[in-house]
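A.B. asks: So that we are looking at the same thing, I have put the structure below in structure tokens.
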Amino acid sequence: MAMMRSASAVALRGLRRFSSRRPVSSPIIQAQEQPTSDLLVSDMARVEGRTFRERMANYMATLDINSQIGSCMPLGAMRIGTIIHNIEINPGQGGKLVRSAGTFARILKLPEGKSRCCLVKLPSREEKFIDAKCRATIGQVSNPGHGAKKLRKAGQSRWLGRRPTVRGVAMNPVDHPHGGGEGKSKSSGSHGRGSRTPWGKPTKCGYKTRSPKRKRQV
1 MAMMRSASAV
11 ALRGLRRFSS
21 RRPVSSPIIQ
31 AQEQPTSDLL
41 VSDMARVEGR
51 TFRERMANYM
61 ATLDINSQIG
71 SCMPLGAMRI
81 GTIIHNIEIN
91 PGQGGKLVRS
101 AGTFARILKL
111 PEGKSRCCLV
121 KLPSREEKFI
131 DAKCRATIGQ
141 VSNPGHGAKK
151 LRKAGQSRWL
161 GRRPTVRGVA
171 MNPVDHPHGG
181 GEGKSKSSGS
191 HGRGSRTPWG
201 KPTKCGYKTR
211 SPKRKRQV
């Protein structure tokens, strides 16, 4: 205890005493995890020369938080294989990717050489190059069982703001490419060209919708 007091006295030498009505800034001497809580417990030195234990959760910015779930940092500061979510597309723009319930992405490759992008595997199994300065949150989005939840009746879906979806084969040819014909046939409305959107674009069968003019980041 005497060594702790002497160390704090040397660290705070030359500082004027703070009044009780003013905030006290103290250097952190030691930090450790508390087994019965998710918070961190730190030993801090006060201006008066005494030490006290204080729960710290949001004010310890100098600790290594690279592996803590819920931490937000640039992709370049993370390790390969880290599970992340809420990823930015452009630095400082805010999270845009992987924000649905239960989803997560994984870092596959860090920048090497002149490259400034990280390779990230998205929930759709697509691998995308993202700027290493973009921030992301470590961990998986909560409520992974959201997609398996079943609605009890149609009215419950309406409570969520979802309106009924009419099938294309139940429409007239003027309203949808699948419309018309006898029964549930799609060949008459779409002329045997397969599934189409209401605007005539192909669906399914691996039809690519991404523009080839997009520049790929390297």
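Just so you know, full-length UniProt numbering puts 118 at position 118 of the sequence shown, and the rest follows in order with no gaps.
Each residue gets a CB set at the ideal place from its N, CA and C atoms; glycine is no exception.
Nothing here was measured: the structure is a model prediction, and the numbers come from that model.
Rounded to the nearest angstrom, how far is the Cβ of Leu108 from that of Ile80, given a contact under 8 Å?
C.D. replies: The pair is a contact, with the Cβ atoms about 7 Å apart (cut-off 8 Å).
A.B. asks: Does DSSP classify Gly94 as helix, strand or coil?
C.D. replies: Looking at Gly94 - three-state DSSP - the assignment turns out to be coil, as it is neither helix nor strand.
A.B. asks: As an exercise, report each continuous alpha helix (DSSP H) stretch of at least 4 residues that is fully enclosed by the UniProt region "Disordered" (143-218), in chain order.
C.D. replies: Counting only runs of 4 or more, we get 154-159 and 187-190.
A.B. asks: Are the region 166-177 and the region 112-129 touching, with three or more C-beta to C-beta distances below 8 Å?
C.D. replies: Taking 8 Å as the limit for Cβ pairs, the verdict is that the region 112-129 does not touch the region 166-177.
A.B. asks: Using three-state DSSP, classify Ala77 as helix, strand or coil.
C.D. replies: DSSP places Ala77 in helix when its eight states are reduced to three.
A.B. asks: Can at least three beta-carbon pairs, one atom from the region 159-167 and one from the region 91-106, be found at a separation below 8 Å?
C.D. replies: Short answer: they don't touch.
A.B. asks: What do you reckon, are the CB atoms on Gly181 and His146 nearer than 7 Å?
C.D. replies: Contact: no.
A.B. asks: Please name the residue in Ser185, Pro74 and Trp199 whose C-alpha comes closest to that of Arg135.
C.D. replies: That would be Pro74, whose Cα lies nearest to the Cα of Arg135.
A.B. asks: Can you tell me whether Ala154 is buried or exposed, with buried defined as 16 or more other CB within 10 angstroms of its CB?
C.D. replies: So Ala154 ends up on the exposed side.
A.B. asks: With DSSP collapsed to three states, give me the class of Arg116.
C.D. replies: Coil.
A.B. asks: If you run the structure through DSSP and keep just helix, strand and coil, what is Ile69?
C.D. replies: Ile69 falls in the coil class under three-state DSSP.
A.B. asks: Taking DSSP's pairing of strands, which residues face Arg106 in a bridge?
C.D. replies: DSSP output for Arg106 lists Ile83 and Lys121 as bridge partner(s).
A.B. asks: Name the two residues that bound the continuous beta strand (DSSP E) containing Ala136.
C.D. replies: Arg135 to Ile138 is the span of the beta strand (DSSP E), which, as asked, contains Ala136.
A.B. asks: Suppose contacts are defined by Cβ-Cβ distances below 7 Å. Is Lys204 in contact with Ser195 by that definition?
C.D. replies: Yes, they are a contact pair.
A.B. asks: Roughly how many whole angstroms lie between the Cα atoms of Thr62 and Arg106?
C.D. replies: Low confidence applies to Thr62: its pLDDT is 43, below 50, so where it sits in the model is not reliable enough to give any reading.
A.B. asks: Taking the alpha carbon of Pro144 as the point to measure from, which residue in Val98, Gly168, Leu119 and Ile87 has its own alpha carbon closest?
C.D. replies: Nearest of Val98, Gly168, Leu119 and Ile87 to Pro144, Cα basis: Val98.
A.B. asks: Between the Cα of Lys184 and those of Ala148, Arg167, Gly200 and Trp199, spot the shortest distance and give me the residue it belongs to.
C.D. replies: When only C-alpha atoms are compared, the closest one is Arg167.
A.B. asks: Thinking just about the alpha-carbon of each residue, which of Ala132, Lys208, Pro123 and Phe104 is nearest to the one in Lys114?
C.D. replies: With distances taken between Cα atoms, Lys114 lies closest to Ala132.
A.B. asks: Under the rule that 16 or more other beta-carbon atoms within 10 Å means buried, what is Thr209, buried or exposed?
C.D. replies: Classification for Thr209: exposed.
A.B. asks: Measuring straight from C-alpha to C-alpha, what distance separates Thr137 and Leu119?
C.D. replies: About 16 Å.
A.B. asks: If we ignore side chains and look at the alpha-carbon of each, how far apart do Ser142 and Asn86 end up?
C.D. replies: Distance between the alpha carbons of Ser142 and Asn86: 12 Å.
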